[in-house]
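S.K.:
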Amino acid sequence: MCGAPAVKVEPGGGIAGGIEICITFPTEYVKTQLQLDEKANPPRYKGIVDCVKQTVDGHGVRGLYRGLSSLLYGSIPKAAVRFGVFEFLSNKMRDESGKLDSTRGLLCGLGAGVAEAVVVVCPMETVKVKFIHDQSSANPKYRGFFHGVREIVRTEGLRGTYQGLTATVLKQGSNQAIRFYVMTSLRNWYKGEDPNKAINPLVTGAFGAFAGAVSVFGNTPLDVIKTRMQGLEAHKYKSTLDCAVKIMKHEGPKAFYKGTVPRLGRVCMDVAIVFIIYEEVVKVLNKVWKTD
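Take the sequence shown: its position 270, counted from the start at 1, is 371 in the numbering used here, and no numbers get skipped.
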């Protein structure tokens, strides 16, 4: 990974992102439904198992993949932007020996998270949340990905795909800052005084899972706010701050951690899988595109 030009990184990140989302999407679906489920309504779901049961009973197993297309189409460019920007920034910030310390890793991760939020994640997540929310409506109106996007743009304009941008930037920026900080710290600790020491893919996966878990506990409140700001009832909120205040007022502090368990499962797998695949793909690409 060290010193690899950004052009080599983008395919690796994109391939990793596409594989990961196909494996982990049902947990993302459940997390989103639980975050959209407002206490004041009253709650539609009693918990994770009940959410899965109601979805399968009403829509079959395919119902757990509602909104997958929006994430799948977006996951490849998202991962490409994330790792591409991180490599670009980290290559500028390494010391003379080529080492990236934890603090600079955090800053590079923050930059990567903000970039992916603005370029890819916000419109992708908005479409995903609306699709999932739409399925629980009495009369679902979106017939598929392209029909849904067309309807969102027709009724709300392009701005409709950028709902919750502030919350998304805060969430993605903190996500990647935390994850890359933890990954950089663990890599540096593992390699010790030997920067060229190889890391076993299973070790990379364990590091990634831990980094993902830390990010979940660190920023799930921002994820809940983002989800509410992108749902079909986003018009109830004047701003990101207003959304946070209303959640606290009507549902209490526990509401900011709705969907933590399924998110924890998905994110740990997500980060572990992405970093393993990314590292292995980059190794191959470095051999194929090796230059003197």
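All residues carry an ideal CB built from backbone N, CA and C; glycine is no exception.
Does Q264 come out as helix, strand or coil in the three-state DSSP assignment?
M.R.: As a working mapping, residue 264 is identified with position 163 in the sequence shown. DSSP places Q264 in coil when its eight states are reduced to three.
S.K.: From Q136 to S238, what does the alpha carbon distance come to, in whole angstroms?
M.R.: The residue given as residue 136 occupies position 35 in the sequence shown. The residue given as residue 238 occupies position 137 in the sequence shown. Roughly 15 Å between the two C-alpha positions.
S.K.: Tell me whether the beta-carbon of R167 lies closer than 8 Å to the beta-carbon of F232.
M.R.: Numbered from its first residue, the sequence shown carries residue 167 at position 66. Numbered from its first residue, the sequence shown carries residue 232 at position 131. Going by C-beta atoms, R167 is nearer than 8 Å to F232.
S.K.: For a quick check, are the C-beta atoms of T305 and E197 less than 8 Å apart?
M.R.: Reading the sequence shown from its first residue, position 204 is the one you call residue 305. Reading the sequence shown from its first residue, position 96 is the one you call residue 197. With a cutoff of 8 Å on beta-carbon distance, T305 and E197 are scored as not near each other.
S.K.: So the candidates are T262, P241, G249, T204; which of them puts its Cα closest to the Cα of V219?
M.R.: Translated into the one-based positions of the sequence shown, residue 219 becomes position 118. Closest by alpha carbon: T262.
S.K.: Quick one: using the 10 Å Cβ neighbour count with 16 as the cut-off for buried, is C369 buried or exposed?
M.R.: Within the sequence shown, residue 369 is the residue found at index 268, counting from 1. The residue in question, C369, is buried, as its Cβ has 16 or more Cβ neighbours within 10 Å.
S.K.: By how many angstroms is the C-alpha of S176 removed from the C-alpha of L342?
M.R.: Counted from its first residue, the sequence shown places residue 342 at position 241. Counted from its first residue, the sequence shown places residue 176 at position 75. Distance between the alpha carbons of L342 and S176 is about 28 Å.
S.K.: Report back the beta-carbon spacing between M330 and Q264 to the nearest angstrom; my notes put them in contact at under 8 Å.
M.R.: Counted from its first residue, the sequence shown places residue 330 at position 229. Counted from its first residue, the sequence shown places residue 264 at position 163. Right, the Cβ-Cβ distance comes to about 6 Å (below 8 Å), so this counts as a contact.
S.K.: Please list, in chain order, all residues of the same chain as G309 whose beta carbon is under 6 Å from its beta carbon, the five residues on each side excluded.
M.R.: As a first step, residue 309 is located in the sequence shown; it is residue number 208 there, counting from the start. Correct list, in chain order: V372, A373, F376.
S.K.: Can you give me the Cβ contacts of V317 inside the same chain, cut-off strictly under 7 Å, excluding the 5 residues immediately before and after it?
M.R.: Walking along the sequence shown from the start, residue 317 turns up at place 216. Only T361, R364, L365, V368 meet the Cβ criterion.
S.K.: Cutting at 6 Å between CB atoms, please list the residues of its own chain near E129, excluding the five before and the five after it.
M.R.: Mapped onto the sequence shown, residue 129 falls at position 28. Within the same chain, E129 has close Cβ partners R367.
S.K.: Is it right to say R288 is buried, meaning 16 or more other beta carbons lie within 10 angstroms of its own, or is it exposed?
M.R.: Mapped onto the sequence shown, residue 288 falls at position 187. Answer is buried; the Cβ neighbour count reaches 16.
S.K.: Identify the continuous alpha helix (DSSP H) that holds D295 and give its terminal residues.
M.R.: As a working mapping, residue 295 is identified with position 194 in the sequence shown. D295 -> no alpha helix (DSSP H), and no H or E assigned at all.
S.K.: Is it buried or exposed for E111, if we count other Cβ within 10 angstroms and need 16 for buried?
M.R.: Locating residue 111 in the sequence shown gives position 10, where the first residue counts as 1. The predicted model places E111 with a pLDDT of 49, which falls under 50 and marks its position as unreliable; any figure quoted below should be read in that light. Buried.
S.K.: Quick check: the Cα distance between K384 and A299, rounded to an integer number of angstroms?
M.R.: Residue 384 sits at position 283 when you count from the first residue of the sequence shown. Residue 299 sits at position 198 when you count from the first residue of the sequence shown. Roughly 11 Å separates the two Cα atoms.
S.K.: Anyone know if the C-beta pair for Y146 and D138 falls short of 8 Å?
M.R.: What you label residue 146 is simply residue 45 of the sequence shown in a count that begins at 1. What you label residue 138 is simply residue 37 of the sequence shown in a count that begins at 1. Contact: yes.
S.K.: Can you give me the start and stop residues for the alpha helix (DSSP H) that E226 sits inside?
M.R.: Position 125 of the sequence shown holds residue 226. Segment 223 to 236, the alpha helix (DSSP H) holding E226.
S.K.: From this set, V283, P224, R280, A181, which residue's C-alpha is nearest V412's C-alpha?
M.R.: Shown here, the chain extends from 102 to 393; a query on residue 412 therefore has no answer.
S.K.: For A278, which residues from the same chain have a beta carbon less than 8 Å from its beta carbon, with the 5 sequence-adjacent residues on both sides left out?
M.R.: Mapped onto the sequence shown, residue 278 falls at position 177. L207, L208, G210, L211, G214, listed in sequence order.
S.K.: For the alpha helix (DSSP H) that contains V150, what are its first and last residues?
M.R.: Position 49 of the sequence shown, counting from 1, holds the residue named residue 150. Its alpha helix (DSSP H) spans residues 149 to 160.
S.K.: Is it true that the CB of P296 sits closer than 8 Å to the CB of G199?
M.R.: What you label residue 199 is simply residue 98 of the sequence shown in a count that begins at 1. What you label residue 296 is simply residue 195 of the sequence shown in a count that begins at 1. Their beta carbons are under 8 Å apart, which means G199 touches P296 by this criterion.
S.K.: Pop quiz: I348 and A356 are said to be a contact at Cβ under 8 Å. What is the actual Cβ separation, rounded to whole angstroms?
M.R.: Looking up residue 348 in the sequence shown gives position 247. Looking up residue 356 in the sequence shown gives position 255. Indeed they touch by this definition, with Cβ atoms about 5 Å apart.
S.K.: So the candidates are H351, I378, V346, Y358; which of them puts its Cα closest to the Cα of P143?
M.R.: As a working mapping, residue 143 is identified with position 42 in the sequence shown. Comparing Cα positions, the closest option is H351.
S.K.: Could you give the DSSP three-state label for R244: helix, strand or coil?
M.R.: Position 143 of the sequence shown holds residue 244. If DSSP states are grouped into helix, strand and coil, R244 belongs with coil.
S.K.: How many angstroms separate the CA atom of D202 from the CA atom of A307?
M.R.: Position 101 of the sequence shown, counted from the start, is the residue given in the question as residue 202. Position 206 of the sequence shown, counted from the start, is the residue given in the question as residue 307. Going by the C-alpha atoms only, they are around 20 Å apart.
S.K.: Where do the ends of the alpha helix (DSSP H) carrying V215 lie?
M.R.: Taking the sequence shown and counting its residues from 1, the one referred to as residue 215 is at position 114. Run containing V215: 203 to 217, per the alpha helix (DSSP H) assignment.
S.K.: State the DSSP-derived secondary structure class of D343, mapped to helix, strand or coil.
M.R.: Along the sequence shown, one-based indexing puts residue 343 at 242. DSSP places D343 in helix when its eight states are reduced to three.
S.K.: Which residues mark the beginning and the end of the alpha helix (DSSP H) in which S198 is found?
M.R.: As a first step, residue 198 must be located in the sequence shown, where it is residue number 97. Neither: S198 is in no alpha helix (DSSP H) and is coded neither H nor E.
S.K.: Tell me the residue span of the alpha helix (DSSP H) that contains D324.
M.R.: Position 223 of the sequence shown holds residue 324. 302 to 331 is the extent of the alpha helix (DSSP H) around D324.
S.K.: For T156, which residues in the same chain have their Cβ closer than 7 Å to its Cβ, ignoring the five residues on either side in sequence?
M.R.: Start at 1 with the first residue of the sequence shown, and residue 156 comes out as number 55. Contacts found: G164, L165.
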